[in-house]
Amino acid sequence: MIPSSAVPSAALNLLITQGFDATSVDELATAAGISRSTFFRRFGSKENMVFADQEMIITHVETTLAASSVDATQTLIDAAHVVFDQYTANPEAAQLRHKLLSSVPSLRERELVSTHRYERAFYQFLARRDLVSTPAAHALGLGISAGLVAIHNDHLRMWLREPHSTDRTKLAHDVLIFLERFSDVLNPNDELRKPASAAPSVVVSVLPAGADEQSILDAVAKALRERQH
């Protein structure tokens, strides 16, 4: 289990109140209760500190995807849970980080890079399962990966606005509905196990010209009974 937050809330709050560019590494180290050398050893830079949680989450997602032995759909739901659970484990840090990213354009650009890394992790999982080997499946795999991130981010934004508006169960529900639309890609073997549709029955009855409706129905019913024996 990785820590709920690698980024001290006090350091995030300092970046918000003083401004990202105006805050020195020494001030951040003091706010975090560590030395300057420890700060650089742990984070490397101010920007890396802000995204330290994401680095851990991405690593955890990649580990979850690589270690899974269940079907692709359940594995992707589990991975979405990893991301959501980690972000929501520390509401204070999540809210502060969201506020900081909203006010610093360069950090928002770094956020987009992280989004693409999640998409790549999902796609690479599909590739390892040999689910995107054809051109058509490749295109769908890219869409599945991007869709997973979009659904998760939507739930995370809802949670940031109102923590009680969503939870991991609702996230799993929406992810499952989305993934079921791609069941032929994610679970191709299920298609092979589906029973073949029964061939339509053809019944021929010969009746005299002018037969009424009841006579026709009786003749068809008799032919069907004889067919069953």
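Each step along the sequence shown adds one to the number in this note's numbering, with nothing skipped, and position 82 is 83. Here a beta-carbon is modelled for each residue, glycine too, at the ideal position from N, C-alpha and C.
DSSP places R98 in the helix class (H, G or I) of the three-state scheme.
Under the Cβ criterion (8 Å, minimum of three pairs), the region 171-183 does not count as touching the region 56-64. When rounded, the separation of the alpha-carbon atoms in G144 and A67 is 20 Å.
With the rule of 3 Cβ pairs closer than 8 Å, the region 96-105 does not count as touching the region 113-124. Inter-segment contact for the region 40-57 and the region 129-138 is absent: fewer than three beta-carbon pairs are separated by less than 8 Å. The three-state secondary structure of L132, taken from DSSP, is coil. Here A32 really is in contact with P9; their C-beta atoms are around 7 Å apart, less than 8 Å.
Nearest neighbour of G45 by Cα position, chosen from V62, G34, V26 and E63, turns out to be V26. A residue is called buried once 16 or more other Cβ atoms fall within 10 Å of its Cβ, and A30 is buried on that count. For H82, the enclosing alpha helix (DSSP H) begins and ends at A73 to T89.
Remark: C-beta atoms of L149 and L77 approach each other more closely than 8 Å. Around the beta carbon of E63, 16 or more other beta carbons lie within 10 angstroms, which makes this residue buried.
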